[in-house]
Amino acid sequence: MLPALLLAVVALGGAASPAAALEVPPLTGRIVDAAHLLPADLAASLSADLAAHAARTGNQVALLTLPSLEGEPLEEFSHRVATAWKLGQKGTDNGVLMLVVPGDRKVRIEVGYGLEGTLTDAKSAHIIREEMAPRFRSGDFSGGISAGLKAVLGTIEGTYSPPERKRGSAGSAGDNTWGIFFLALVVGILTAAFVGRHWKGSSIGSTMAFVLALSSGWLLAIAAAVIVLVVTLALAGLSGGGGRSSSSGLGGGWGEGSFGEFSGGGFGGGDFGGGGASGSW
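Per my numbering, the sequence shown runs over residues 300 to 580.
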């Protein structure tokens, strides 16, 4: 009886215990392509770009691709990888991790404390949304990763220019502004005319209707135009994001030699606070 009870307790305990967490892949280079999304020549070229960026700025940018997260939350696992790999220099916290998971159709850009003012959450989201996700949806993983990494480096260095918006979006905004303006004008004139009809005396009423139509219509039109202008400027300011911040400007990168900087299981010991952005396709 007792052995059977013990076996039942052990079995229940095993069933209640959480599944083992997904292991962080070992750090073998600036690009760890565990999902095999990049051809060898492109991986080497992108790695050279990351190394050159490190030499210019001291920032430590790395890429990890995984077939699947196996149920792990994207943000938690990305943060765990970035801290385990110790991306960024201690005290400067200038590391960035790009994580691409094709099996889950997810991507994240994890940004260290020191670069959050330059590679902001909004800019990270823009890179994912405009540079990476469209290419991933068409199956061009190598193109999406290449465009995303170059946009990240360019944003940090202040050389990245977002793709121009489609002409139709700007034109429609202008058309809507004029449409609202004239609609307000018409409504104002009709309202003033209605008020004028209730004015006693035909001649005076006609005159007042005309005057009120002009004054009320134009006042409403101007008010509508001002409101539209304020809202448009506010939205433009939000979409533009913050001003550019300079990179850390630290030289030296991650050390000398091909993989000498990866000794000890990590880089410089930078810290991460959850900055960045996530996306899917």
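Glycine included, each C-beta is placed from N, C-alpha and C at the ideal position. None of the values given here were measured: they were computed from a predicted structure.
- G443 carries a helical assignment under DSSP once its states are collapsed to helix, strand and coil.
- A distance below 6 Å between beta-carbons, with the five flanking residues on each side excluded, links P324 to the following residues of its chain, in chain order: V331, A333.
- In this structure, the beta-carbon distance from P366 to G416 does not fall below 9 Å.
- In the structure shown, L448 adopts helical secondary structure according to DSSP, grouped into three states.
- According to the DSSP assignment, E374 belongs to the alpha helix (DSSP H) that extends over 373 to 383.
- The Cβ neighbour count for D392, taken over all protein chains shown within 10 Å, is at least 16; the residue is labelled buried.
- Within the segment 348 to 429, the complete alpha helix (DSSP H) segments at least 4 residues long are 373 to 383, 420 to 425, listed from N- to C-terminus.
- For the pair R434 and F440, the Cα-to-Cα distance works out to about 7 Å.
- Assigned with DSSP and collapsed to three states, A334 falls in coil, not helix or strand.
- In the three-state scheme derived from DSSP, where H, G and I count as helix and E and B as strand, G453 is classed as helix.
- Per DSSP, P433 is one residue of the alpha helix (DSSP H) stretching across 432 to 436.
- DSSP, reduced to helix, strand and coil, places S460 outside both helices and strands of the structure shown, so it counts as coil.
- Between N358 and G328, the CB-CB gap reaches or exceeds 9 Å.
- A buried status is given to A381, since no fewer than 16 other beta-carbon atoms sit within 10 Å of its beta-carbon.
- Burial is judged here by how many other beta carbons sit within 10 angstroms of a residue's own beta carbon; E322 has fewer than 16 and is exposed.
- Relative to the Cα of G574, the nearest Cα in the group V395, S437, G453 belongs to V395.
- With a cutoff of 9 Å on beta-carbon distance, L418 and I427 are scored as not near each other.
- Nearest to F571 by alpha-carbon distance, out of K389, L349, S445, is K389.
- If you draw a straight line from the Cα of A446 to the Cα of L341, it is about 12 Å long.
- E456 and L326 have their C-alpha atoms some 25 Å from each other.
- The three-state secondary structure of A320, taken from DSSP, is coil.
- Between L337 and L345, the C-beta gap is smaller than 9 Å, which places the two residues in contact.
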